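Peer 1: Under our numbering, the first residue of the sequence shown carries the number 208, and numbering increases by one thereafter. Beta carbons are placed, not taken as given, at the ideal position from N, Cα and C, and that holds for glycine. These numbers were taken from a predicted model, which means no experiment stands behind them. Got a structure here, written out as structure tokens. Questions coming.
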Amino acid sequence: EWMEQSTDNTAIVELQNLLDSIEQEIIEFWPRNKTITPDDVRGNSETLSRAIMENGWPLLDDSRGKAMFILLSSGELRQSYHDKFPGLIEAKMFTMSETGSSEAAIFSDTDPVGNADEIRALVKDGYIVRSRADNAENGEADDNNKTRLNAAISVGAHSISTDYPAKVDGIDYWVEIPEGNPVACNPVSAPTDCTPERINKVLN
């Protein structure tokens with residue numbers, strides 16, 4: 208009856224098939240002991256979000272050589288994934304979060320200037336936040352404008368996307384993390400004794 212009434216069943220099936228394929232590739236090509244999954248972070252806590260706020264993420268020293276897989280999508284694709292893995296239990300991927308959801312772990316906010324307070328609050332609560340330093344449509348590179356980059360760094364974004372990760376002939380603008388190679392101490396959440404050298408030593 209539902210299939211007869213729904214006009215979106217083909218799209219839903221295709222989305223689920225796509226997600227199943229991604230999950231299977233992770234299982235097939237990436238050793239389990241080389242990944243960090245939502246279950247690893249959740250532990251015995253009721254939800255992933257609560258685990259992060261109460262216990263935090265795995266330590267750097269315990270995370271060396273491991274990968275986290277993140278579904279960089281929202282809308283129907285993310286909902287389809289949550290339907291299959293409620294609370295991301297037994298899921299191989301994290302998802303971009305909505306505030307207050309049980310799956311909340313990783314957020315994406317590409318406006319570190321206008322949403323500085325919101326990003327900083329998420330970082331203080333222990334969540335991982337991805338932001339952007341530039342966008343070709345906004346003209347940061349044309350004007351060598353690093354306002355957005357500096358804002359993303361100052362509010363504690365953990366991952367900063369850019370279209371200009373290295374120097375290019377004829378363009379003055381490019382993104383470099385101060386004192387980072389490319390990892391640096393988070394200005395919002397890092398302990399006071401953190402140094403780039405100590406982080407790189409741990410990662411190396």
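Given a threshold of 16 other Cβ atoms within 10 Å of its Cβ, counted over all protein chains shown, does Ala359 qualify as buried or as exposed?
Peer 2: As a working note, residue 359 is residue 152 in the sequence shown. Per the 10 Å Cβ criterion, buried.
Peer 1: Run the CB neighbour count on Arg339, radius 10 Å, all protein chains shown included, and call it buried at 16 or more, exposed below.
Peer 2: Within the sequence shown, residue 339 is the residue found at index 132, counting from 1. Answer is buried; the Cβ neighbour count reaches 16.
Peer 1: Are the Cβ atoms of Tyr371 and Ala391 separated by less than 8 Å?
Peer 2: Here residue 371 refers to the residue found at position 164 of the sequence shown. Here residue 391 refers to the residue found at position 184 of the sequence shown. In this structure, Ala391 does not lie closer than 8 Å to Tyr371 by Cβ.
Peer 1: So, are the CB atoms of Ile335 and Ile313 less than 8 Å apart?
Peer 2: Locating residue 335 in the sequence shown gives position 128, where the first residue counts as 1. Locating residue 313 in the sequence shown gives position 106, where the first residue counts as 1. Going by C-beta atoms, Ile335 is nearer than 8 Å to Ile313.
Peer 1: Would you report the Cα separation of Leu279 and Lys374, rounded to the nearest angstrom?
Peer 2: If you number the sequence shown from 1, residue 279 lands on position 72. If you number the sequence shown from 1, residue 374 lands on position 167. So the two alpha carbons sit approximately 27 Å from each other.
Peer 1: Taking buried to mean at least 16 other C-beta atoms within 10 Å of its own C-beta, is Ser304 buried or exposed?
Peer 2: Taking the first residue of the sequence shown as 1, we reach residue 304 at position 97. The residue in question, Ser304, is buried, as its Cβ has 16 or more Cβ neighbours within 10 Å.
Peer 1: DSSP state of Phe292, grouped into three classes?
Peer 2: Walking along the sequence shown from the start, residue 292 turns up at place 85. In this structure, Phe292 counts as coil in the three-state DSSP scheme.
Peer 1: Are the Cβ atoms of Gly363 and Ile406 separated by less than 8 Å?
Peer 2: Position 156 of the sequence shown, counting from 1, holds the residue named residue 363. Position 199 of the sequence shown, counting from 1, holds the residue named residue 406. Cβ atoms of Gly363 and Ile406: not closer than 8 Å.
Peer 1: Among the candidates Met260, Asp268 and Glu253, whose CA atom is the shortest distance from the CA of Ile243?
Peer 2: By one-based count along the sequence shown, residue 243 stands at place 36. Among Met260, Asp268 and Glu253, the Cα nearest to that of Ile243 is on Asp268.
Peer 1: Check this for me: beta carbons of Val428 and Thr354, under 8 Å apart or not?
Peer 2: Residue 428 falls outside the range modelled here, since the chain spans only 208 to 411, and no answer is possible.
Peer 1: Unbroken beta strand (DSSP E) runs of length 3 or more, entirely within the stretch 256 to 301: which are they?
Peer 2: Listed in chain order, they are 276 to 278.
Peer 1: Rounded to whole angstroms, what is the Cα-Cα separation between Tyr380 and Pro389?
Peer 2: Taking the first residue of the sequence shown as 1, we reach residue 380 at position 173. Taking the first residue of the sequence shown as 1, we reach residue 389 at position 182. In a straight line, the C-alpha of Tyr380 is about 17 Å away from that of Pro389.
Peer 1: Give me the residue from Ile234, Ile378 and Pro394 with the minimum Cα distance to Ile384.
Peer 2: Taking the sequence shown and counting its residues from 1, one reaches residue 384 at position 177. If we check each option's Cα against that of Ile384, Pro394 comes out closest.
Peer 1: How many Å lie between Glu208 and Met275 at the Cα?
Peer 2: As a working note, residue 208 is residue 1 in the sequence shown. As a working note, residue 275 is residue 68 in the sequence shown. For Glu208, the pLDDT reaches just 40, beneath the cut-off of 50, and the residue's location in the model is therefore unreliable, leaving the point undetermined.
Peer 1: Which residues share a DSSP beta bridge with Val390?
Peer 2: As a position in the sequence shown, residue 390 is number 183, starting the count at 1. Val390 is not bridged to any residue.
Peer 1: Could you please give me the residues that DSSP links to Ser366 through a beta bridge?
Peer 2: Working through the sequence shown from its first residue, we reach residue 366 at position 159. Paired residues: Arg337.
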